[in-house]
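Read through the structure below, which is laid out as structure tokens, and then see the notes.
Residue numbers (our numbering): 22 to 690.
Now the structure itself:
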């Protein structure tokens with residue numbers, strides 16, 4: 022596995038040709054001193070930006086018209102002398118200059134319009150380039166030039182690798198030649214997959230034209246899930262996830278919990294901005310940056326922080342003071358965060374990995390079933406990985422199929438084998454049905470009768486699954502799948518509305534109330550180590566945030582795990598907990614984190630999640646179950662001993678208070 026520096030910087034440098042004196046205030050010594058002050062040990066430096074301008078002496082591209090020297094070479098040489106690794110950034114998918122000079126190289130959407138990001142063609146928006154045109158040859162020629170000009174670079178970072186449907190003349194010709202119908206969306210997607218694969222092969226050959234071991238990362242804004250054939254093109258993963266820029270604070274845990282199952286090194290990537298890239302003069306609170314870096318470490322990832330260098334090349338002192346504060350903490354914690362493997366009780370089978378393998382668009386990134394399930398797991402403090410269908414399910418005590426996973430024959434056999442071998446299984450909503458949704462694909466102890474016509478309906482679960490504050494039917498915000506227990510045990514009753522809300526008949530401000538009598542259908546069914554819940558509980562929680570729904574789902578998970586749950590804590594729901602294992606050091610590391618993001622403002626039609634204050638949480642209690650003897654526990658990086666109580670393969674301890682991030686090392690005999 023590739024060894025990655027843990028304190029990286031991504032230095033954006035997208036400069037319009039209308040800005041004068043590019044790099045005029047760049048001072049190599051001041052530049053390097055700022056990086057060293059910030060404890061940065063690797064930096065991504067720009068060869069070509071989204072505007073299409075290059076920042077080095079190039080024969081293939083065009084140096085920025087207002088840059089008078091080879092900036093990239095000057096930056097690399099200064100960093101190398103200071104012992105800082107350098108990675109070359111190259112914008113692939115967006116290129117304003119090439120789009121203007123070669124409109125035939127541009128992507129055309131199925132509606133016939135030029136594809137852009139951030140606006141329309143005649144608005145201030147990035148222009149998408151088609152990788153099925155001569156543009157790919159042009160880009161690879163320049164990447165090859167860079168590999169030859171900078172053989173001592175430590176990697177390539179290739180940006181904006183999207184898999185859009187394209188109907189340019191090149192793509193229509195190639196689809197026709199392949200027997201595909203360019204008017205068929207599925208065929209356009211198939212062509213997009215093939216186009217991306219050709220790009221990967223060509224770009225990797227170019228980056229490695231001088232060094233076969235040159236690290237390379239292809240960025241799409243979201244790590245693709247489910248198509249493992251893609252991963253041979255990546256030396257490692259970097260998880261772009263700016264919480265305030267639209268990704269939110271739950272995106273990184275979801276992506277990292279998947280990345281760590283693949284067997285490659287990985288980084289988290291955030292930004293110093295209040296919102297996201299391109300925000301000059303924007304700063305998040307230093308507490309937020311510290312929390313984000315701590316979260317990366319807690320998931321076994323290295324750290325990368327994004328900045329944008331001013332067009333003059335002058336570094337921003339406030340930015341590097343802030344980054345330095347966060348990275349000083351990271352440096353102090355690295356000893357307990359390297360060479361780790363995750364400890365997870367639960368495997369969450371990613372719905373997007375199954376339904377749209379390899380996709381990186383917003384629909385895949387923001388899959389409600391995945392997001393809702395991860396939120397339930399995070400807020401209820403379960404230990405979990407996110408997996409695809411190719412994972413070894415037998416490593417996990419419980420497998421969750423969230424809401425949308427109707428099974429093909431092959432996956433049904435794998436899951437039934439896992440269950441019969443002693444695994445535990447939670448199915449929700451449509452998960453567990455056959456692909457045609459006619460019946461259950463595996464034995465659940467229930468009979469399936471289709472989807473309820475009532476939207477929404479209500480449930481009254483059995484007492485052990487009810488939220489502790491509700492003893493009456495509560496609304497589920499969506500229709501249930503109608504099931505009746507046969508050999509299984511009913512987990513509660515469904516109550517239907519008098520009628521759906523329409524123009525002809527409605528009641529009060531929202532949905533119609535429930536009838537007093539139950540519908541005769543079951544809210545869920547338990548059959549041995551399997552539980553089926555009739556509602557898409559995770560998608561509901563993602564969209565509505567109802568605590569009743571979360572507690573209902575979490576109690577079902579707890580019922581299945583029982584005494585096999587590794588860790589329990591009284592942390593509030595905004596607290597986060599992970600466990601990693603350092604086998605060589607014979608210790609487990611518990612990470613406890615507390616920060617409470619608050620929605621403040623809107624950016625790109627999404628709420629801005631802001632962390633300002635690090636919460637002080639008093640009297641934190643933790644119980645940890647292990648079959649191995651734990652001889653001592655220490656608070657890290659402080660090194661102080663922590664009093665533990667042992668009983669029947671379980672230890673317990675308490676912290677007088679928790680602020681921010683605390684690691685507890687459990688040392689084995």
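C-beta atoms are modelled at their ideal positions from N, C-alpha and C, and glycine is treated no differently. No experiment lies behind these values; they were computed from the predicted model shown.
Same chain, Cβ closer than 7 Å to residue i, five either side skipped, listed in chain order
i	result
residue 662	653 and 655
residue 476	499, 500 and 521
residue 36	43, 70, 72, 74, 85 and 332
residue 229	235
residue 225	237 and 254
residue 155	126
residue 46	333, 334 and 335
residue 528	534
Cut-off 8 Å between Cβ atoms - residues of its own chain near residue i, not counting five sequence neighbours on either side
i	result
residue 371	246, 247, 279, 388, 391, 407, 408 and 409
residue 244	258, 260, 276, 279, 280 and 381
residue 668	none
residue 53	99, 100, 102, 103 and 105
residue 472	500, 501, 502 and 503
residue 489	572
Span of the alpha helix (DSSP H) around residue i
i	result
residue 272	272 to 280
residue 600	Run containing residue 600: none in the alpha helix (DSSP H); it sits in the beta strand (DSSP E), 596 to 603.
residue 685	Where residue 685 is concerned, there is no enclosing alpha helix (DSSP H), although the beta strand (DSSP E) it sits in stretches over 671 to 689.
residue 162	155 to 170
residue 310	307 to 319
residue 588	From DSSP, residue 588 is part of no alpha helix (DSSP H) but of the beta strand (DSSP E) over 588 to 590.
residue 17	Nothing can be reported for residue 17: it is not among the residues displayed for the chain, which extend from 22 to 690.
residue 558	558 to 565
residue 580	568 to 582
Whole-angstrom C-beta distance between residue j and residue i, which should lie under 8 Å
i	j	result
residue 397	residue 574	5 Å
residue 144	residue 136	About 13 Å separates the two Cβ atoms, so there is no contact after all.
residue 195	residue 153	6 Å
residue 344	residue 59	4 Å
residue 238	residue 257	6 Å
residue 508	residue 466	4 Å
residue 314	residue 350	7 Å
residue 119	residue 159	7 Å
residue 623	residue 629	6 Å
residue 493	residue 517	The pair is not a contact, with the Cβ atoms about 15 Å apart (cut-off 8 Å).
residue 416	residue 439	At roughly 10 Å, the Cβ-Cβ gap does not stay under 8 Å, so residue 416 and residue 439 are not in contact.
Extent of the continuous beta strand (DSSP E) to which residue i belongs
i	result
residue 368	367 to 370
residue 65	63 to 69
residue 624	619 to 624
residue 692	Past the edges of the chain, shown from 22 to 690, lies residue 692, and the structure says nothing about it.
residue 33	28 to 33
residue 323	323 to 329
residue 50	Careful: residue 50 lies outside any beta strand (DSSP E), inside the alpha helix (DSSP H) at 49 to 58.
residue 506	502 to 506
residue 179	177 to 180
Cutoff 6 Å; reference residue i; Cβ partners in own chain excluding five residues on either side
i	result
residue 271	395 and 396
residue 312	616 and 632
residue 12	Given a span of 22 to 690 for the chain in the structure shown, any question on residue 12 remains unanswerable.
residue 676	641
residue 174	107 and 109
residue 78	91
residue 165	227 and 230
residue 81	162, 163 and 166
residue 589	644
residue 570	558, 561 and 562
The ligand SAH heavy atom lying under 8 Å from the CB of residue i
i	result
residue 465	Within the structure as shown, the ligand SAH is missing, as the structure has no ligands at all.
Three CB pairs or more closer than 8 Å across the region 536 to 544 and the region 506 to 524: yes
In chain order, each alpha helix (DSSP H) run of at least 4 residues that lies wholly inside the region 215 to 283: 272 to 280
Inside the region 525 to 554 only - beta strand (DSSP E) runs reaching at least 3 residues: 545 to 548 and 551 to 554
The region 113 to 126 touching the region 181 to 193, judged by at least three CB pairs closer than 8 Å: yes
Complete alpha helix (DSSP H) runs within the region 403 to 477 (minimum length 4 residues, chain order): 430 to 441
Whole runs of the alpha helix (DSSP H) within the region 104 to 128, excluding any shorter than 4 residues: 117 to 122
Inter-stretch contact (C-beta, 8 Å, three-pair minimum) for the region 349 to 362 and the region 313 to 320: yes
Any 3 or more C-beta pairs closer than 8 Å across the region 418 to 430 and the region 555 to 566: yes
Given 8 Å, three or more beta-carbon pairs between the region 61 to 70 and the region 101 to 109: yes
Segment contact flag, the region 596 to 603 with the region 288 to 304, C-beta cutoff 8 Å, min 3 pairs: no
Segment contact, 8 Å Cβ cut-off, at least three pairs: the region 437 to 454 with the region 488 to 498: no
4-residue-minimum alpha helix (DSSP H) runs that sit fully inside the region 329 to 405, ordered along the chain: 338 to 354, 372 to 376, 383 to 386 and 389 to 400
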